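Protein chains: 2
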Amino acid sequence: MSILIKDVQLEGDVTQIYIEGNRIAEIGKRREADTVLDGKGRIALPGLVNLHTHAAMSLFRGYGDDMDLSTWLETRIWPAEARLTPDDVYWGTKLACLEMIKSGTTTFNDMYFHEDQAAKAAKEMGLRAFLAEGIVDLNDPERAAKQLRAADEANRKIESLRTDRINGVLGPHAIYTVSKDSLLRIRELADKTGSLIHIHLSETKREVDDCLVENGMRPARYLDSIGFLAKDVIAAHGCWLDAGEIEVLAHTGTMVAHCPVSNMKLATGQAMAYVAMKEMGLVMGLGTDGAASNNNLDMFETMKVAALLQKHAHGDPKVLPAREAFELATLGGARALGVDAGIIGVGRLADLILIDPRRAEFTPRHDDVSNWVYSAHGNIVDTLICDGQVLMRGRRVKGEAEILEKAAAVARDLVSRA
Amino acid sequence: MSILIKDVQLEGDVTQIYIEGNRIAEIGKRREADTVLDGKGRIALPGLVNLHTHAAMSLFRGYGDDMDLSTWLETRIWPAEARLTPDDVYWGTKLACLEMIKSGTTTFNDMYFHEDQAAKAAKEMGLRAFLAEGIVDLNDPERAAKQLRAADEANRKIESLRTDRINGVLGPHAIYTVSKDSLLRIRELADKTGSLIHIHLSETKREVDDCLVENGMRPARYLDSIGFLAKDVIAAHGCWLDAGEIEVLAHTGTMVAHCPVSNMKLATGQAMAYVAMKEMGLVMGLGTDGAASNNNLDMFETMKVAALLQKHAHGDPKVLPAREAFELATLGGARALGVDAGIIGVGRLADLILIDPRRAEFTPRHDDVSNWVYSAHGNIVDTLICDGQVLMRGRRVKGEAEILEKAAAVARDLVSRA
Numbered sequence: 001m002s003i004l005i006k007d008v009q010l011e012g013d014v015t016q017i018y019i020e021g022n023r024i025a026e027i028g029k030r031r032e033a034d035t036v037l038d039g040k041g042r043i044a045l046p047g048l049v050n051l052h053t054h055a056a057m058s059l060f061r062g063y064g065d066d067m068d069l070s071t072w073l074e075t076r077i078w079p080a081e082a083r084l085t086p087d088d089v090y091w092g093t094k095l096a097c098l099e100m101i102k103s104g105t106t107t108f109n110d111m112y113f114h115e116d117q118a119a120k121a122a123k124e125m126g127l128r129a130f131l132a133e134g135i136v137d138l139n140d141p142e143r144a145a146k147q148l149r150a151a152d153e154a155n156r157k158i159e160s161l162r163t164d165r166i167n168g169v170l171g172p173h174a175i176y177t178v179s180k181d182s183l184l185r186i187r188e189l190a191d192k193t194g195s196l197i198h199i200h201l202s203e204t205k206r207e208v209d210d211c212l213v214e215n216g217m218r219p220a221r222y223l224d225s226i227g228f229l230a231k232d233v234i235a236a237h238g239c240w241l242d243a244g245e246i247e248v249l250a251h252t253g254t255m256v257a258h259c260p261v262s263n264m265k266l267a268t269g270q271a272m273a274y275v276a277m278k279e280m281g282l283v284m285g286l287g288t289d290g291a292a293s294n295n296n297l298d299m300f301e302t303m304k305v306a307a308l309l310q311k312h313a314h315g316d317p318k319v320l321p322a323r324e325a326f327e328l329a330t331l332g333g334a335r336a337l338g339v340d341a342g343i344i345g346v347g348r349l350a351d352l353i354l355i356d357p358r359r360a361e362f363t364p365r366h367d368d369v370s371n372w373v374y375s376a377h378g379n380i381v382d383t384l385i386c387d388g389q390v391l392m393r394g395r396r397v398k399g400e401a402e403i404l405e406k407a408a409a410v411a412r413d414l415v416s417r418a
Numbered sequence: 001m002s003i004l005i006k007d008v009q010l011e012g013d014v015t016q017i018y019i020e021g022n023r024i025a026e027i028g029k030r031r032e033a034d035t036v037l038d039g040k041g042r043i044a045l046p047g048l049v050n051l052h053t054h055a056a057m058s059l060f061r062g063y064g065d066d067m068d069l070s071t072w073l074e075t076r077i078w079p080a081e082a083r084l085t086p087d088d089v090y091w092g093t094k095l096a097c098l099e100m101i102k103s104g105t106t107t108f109n110d111m112y113f114h115e116d117q118a119a120k121a122a123k124e125m126g127l128r129a130f131l132a133e134g135i136v137d138l139n140d141p142e143r144a145a146k147q148l149r150a151a152d153e154a155n156r157k158i159e160s161l162r163t164d165r166i167n168g169v170l171g172p173h174a175i176y177t178v179s180k181d182s183l184l185r186i187r188e189l190a191d192k193t194g195s196l197i198h199i200h201l202s203e204t205k206r207e208v209d210d211c212l213v214e215n216g217m218r219p220a221r222y223l224d225s226i227g228f229l230a231k232d233v234i235a236a237h238g239c240w241l242d243a244g245e246i247e248v249l250a251h252t253g254t255m256v257a258h259c260p261v262s263n264m265k266l267a268t269g270q271a272m273a274y275v276a277m278k279e280m281g282l283v284m285g286l287g288t289d290g291a292a293s294n295n296n297l298d299m300f301e302t303m304k305v306a307a308l309l310q311k312h313a314h315g316d317p318k319v320l321p322a323r324e325a326f327e328l329a330t331l332g333g334a335r336a337l338g339v340d341a342g343i344i345g346v347g348r349l350a351d352l353i354l355i356d357p358r359r360a361e362f363t364p365r366h367d368d369v370s371n372w373v374y375s376a377h378g379n380i381v382d383t384l385i386c387d388g389q390v391l392m393r394g395r396r397v398k399g400e401a402e403i404l405e406k407a408a409a410v411a412r413d414l415v416s417r418a
């Protein structure tokens, strides 16, 4: 199967993009193709990569905002999650994929429960997904054994759905919910299988303080002390990492997902030390976190808020300029996940979007990068191609009405059971 | 002229909204009307009020981001503004009005140059506008006399265009650009004419420090010491106001426009003390600031970022909940400007919008207010009515293509002259 995108704007020029199978085969020449998309007036950009989310939590969008983290978890999220069914995760992930497609995301890095259902949903929707069954043992050996078995089972099911797009990942939730023994077991598994590891790290000051009390060292140093950190680990949040810990991440090759919207909404209290991480050469990307703490999956908004938060936190408007925010959301995330995308180039995976700049908030066009980072939202995306498949064209996605209806019904039912 | 909005959702119920002239005449009953809008599946909300902007600066969108404030002003904005023509302001304001209509704003409070042209643009576009010719005398008595004459002339021209929607306002730029004599003259004029006053106040630490050096007191205290503050003053930004100054604002009835996106983008360094202001009962609203430092005029985004910034700054996720953010952006701004809108009620001005919740980022609907503050952007607005006139229906605005084309051409020409 082949696609030709005719007369599209790419980095300032008007050109032709020819896709064969799941890769970009040629740029510049018009060729015959099975599908021809008219790119006139549109701009081609790499698809966005959401490096940290809990897709199915879109079912909890708006279910308990403006609350203390502990009250929110204890009175809203945990009681509802205790009743979560595989079908809930399936429809919640379908809804999240729909929202991601509509706002330009082609790849997401997910952690949640019943992830085989998330895999099924992502496979059907056509997105590139990295899926980690969340492991939470609360230092209980029995629970640890059960959770590791469940994760293993989920990963085997994900493996059975495996394509170039669907990948299993190991998902220890965080140091305060997973025992040292389980972390070591997960480290071994990653070494054996080559899986990535996705973990929350240093999101709150409480996590840091508790780790200091329990282990006499800060979270990243603790993980390093047990040999957990390596270049296959993606650490989400990192708000409270200090300079010494950032050095540890750099030396071990640990990667970071910055989640500015969720961090601000939950008032984690401190912005991730982006400048220090950049200076140490960390591989970084951006994540929305789940829609329950954001409350959307719009990576255009996340790019802008990342730039705003970092400028504000550093007291310097030059920090995290538009081009860097865009690269974090594309190439940064792609590098973290080992996906050969994040830029549009011959031989790269065909994960790309066409945006439509003919609108007020995109006028004038003094600086396109600035416009798409600071002025735009996800609704500027007109067409989305992932892995060489057209998933949206003229903002139409197959099955949209059914997904909205089913997800709404499932969400209503889920919270009524809680 | 009359409008019936049929079967629309209003605060959870499905109802009918009947508009006669420029006011809401009845809610609940189906009536015959000149225009019937089908509100089925849509939610009616009050139109948003942008309490601080420089509309025509949309021509500078993306023209110098990620720069030091002084470098940006000196190398980009001021050279270009020195060449600004009345026609530039006309097309810049048309573009801004188009963007505001498309994102749900019915009223804006503006400060810029050639404001009679802004008045003409706003009048044609149908928005409710409060327009202040910016006064900058730089302590030069000759310039002061000239600027006050220009402001007076602009206001007379605005007066000649006056309708219920188009209002002249006095616009001393800030304490560091306007002499004490001019401030006193403006205070007198306001007392005489009943005009509102729109001023920047305590945006940067530099302004505070310079005021301490020059006047031995902080900016709000300085303004109070010369008798400038009163319940007709709208102060924009207020990032560096301290507790004593907030008391002064409360006692004088001074109102505040919070501009979180611009403050973060320009790294003004400190978030406005929202909680203290709320406790003192200040009338407050939200502003986008100009598109050159935002870079859009989307009040939905501004509501969300206001909530995010205040939660972050106070280290408390309960601060500035969704309902409050929404009220700041509607009733708060309307109260500040003395506009009888900001809520939908019988007898109120017919300034309202219909939003379309049938989309992924609005599903599920556990909490509508949360969805429109935290999940939505301006593109959810389907229909906009201002002063009893339908300005947008099905996202179509009259003259859109011409405005985009002309504004883009004018912007290109403007920066090429600079």
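Just so you know, the protein sequences line up as chains A and B, in that order.
Take the first sequence: its letter number 122 is residue 122 in this note's numbering, and every next letter is one higher.
Take the second sequence: its letter number 81 is residue 81 in this note's numbering, and every next letter is one higher.
Each residue gets a CB set at the ideal place from its N, CA and C atoms; glycine is no exception.
Every value quoted in this text rests on a predicted model; they were computed, and no experiment measured them.
In the DSSP assignment, A/G253 forms no beta bridge with any residue.
Leaving aside the five residues that flank B/K94 on each side, the residues in its chain whose CB is nearer than 6 Å to its CB run, in chain order, A121 and I403. Approximately 30 Å separates the beta-carbon atoms of A/L48 and A/T85; this is outside 8 Å, ruling out the contact. In this structure, B/L127 is the residue among B/L127, B/G92, B/A119 and B/D116 with its C-alpha nearest to the C-alpha of B/T107.
For A/V415, the neighbours in chain B by C-beta distance under 9 Å run, in chain order, P364 and H366.
At a cut-off of 8 Å, the C-beta of B/M264 has a neighbouring C-beta in chain A.
B/F130 is bridged by DSSP to B/N109 and B/N167. Around A/D191, the same chain offers no residue with a beta carbon nearer than 7 Å, after the five sequence neighbours per side are excluded.
The shortest CA-to-CA distance from A/A411 to any of A/Y90, A/L189, A/S195 and A/W72 is the one to A/Y90. Only residues of its own chain outside the window of five on either side were considered, and among them Y274, V319 and L320 have a CB closer than 6 Å to the CB of B/Q310, listed in chain order. Assigned with DSSP and collapsed to three states, B/D368 falls in helix. Put simply, of A/K265, A/N294 and A/T302 the residue whose alpha carbon is nearest the alpha carbon of B/L308 is A/K265. Boundaries of the alpha helix (DSSP H) harbouring B/G333: G333 to L337, taken from the DSSP string.
Proximity of the segment 219-231 of chain B to the segment 12-24 of chain B falls short of the contact definition, fewer than three beta-carbon pairs being nearer than 8 Å. Between the beta-carbon of A/N50 and that of A/M100 there is about 7 Å, and that keeps the pair under the 8 Å contact cut. Buried is the label assigned to A/W372, since at least 16 other Cβ atoms lie within 10 Å of its Cβ. Straight-line measurement puts the Cα of A/T288 at about 24 Å from the Cα of A/N155. B/G332 sits close to B/G285, with the two beta carbons spaced by under 8 Å. In this structure, B/A44 and B/I5 form a Cβ contact; the two beta carbons are roughly 7 Å apart against a cut-off of 8 Å. Around the beta carbon of A/A350, 16 or more other beta carbons lie within 10 angstroms, which makes this residue buried. Taking a beta-carbon distance threshold of 8 Å, A/R61 counts as an interface residue toward chain B.
With fewer than 16 other Cβ atoms inside 10 Å of its own Cβ, B/L138 counts as exposed. At least one CB atom of chain B sits nearer than 8 Å to the CB of A/P321.
A/G315 is not a Cβ neighbour of A/M272, given a cutoff of 8 Å.
Apart from sequence neighbours up to five positions away, the residues of its chain that approach A/S58 with a beta-carbon distance below 6 Å are G92, L95, A96 and A291, ordered along the chain. Per the coordinates, the alpha-carbon of B/E203 lies some 16 Å from the alpha-carbon of B/G244. Non-local beta-carbon contacts of A/Q147 in its own chain, meaning distances under 7 Å to residues more than five positions away in sequence, involve I135, V136 and D137 in chain order. Residue burial is scored here from C-beta neighbours: B/L297 has at least 16 other C-beta atoms within 10 angstroms and is therefore classed as buried. In the DSSP assignment, A/K6 falls within the beta strand (DSSP E) that extends over S2 to L10. When C-alpha distances from B/D88 are compared across B/A360, B/L249 and B/Y112, the shortest belongs to B/Y112.
For the segment 372-395 of chain A, the residues whose beta carbon sits under 7 Å from a beta carbon of chain B are, in order, Y374, S375, H377 and N379. In this structure, the alpha-carbon of A/L170 lies about 7 Å from that of A/I186. Boundaries around A/C386 are those of the beta strand (DSSP E), V381 to C386, since no alpha helix (DSSP H) includes it. Contact between A/V390 and A/T35 holds: CB atoms are separated by about 7 Å, below the 8 Å threshold.
Scanning the segment 310-360 of chain A from its first residue to its last, the whole alpha helix (DSSP H) runs of 4-plus residues come out as 322-327 and 333-337. Contact between A/F130 and A/L223 does not hold, since their C-beta atoms are separated by about 20 Å, which reaches or exceeds 8 Å.
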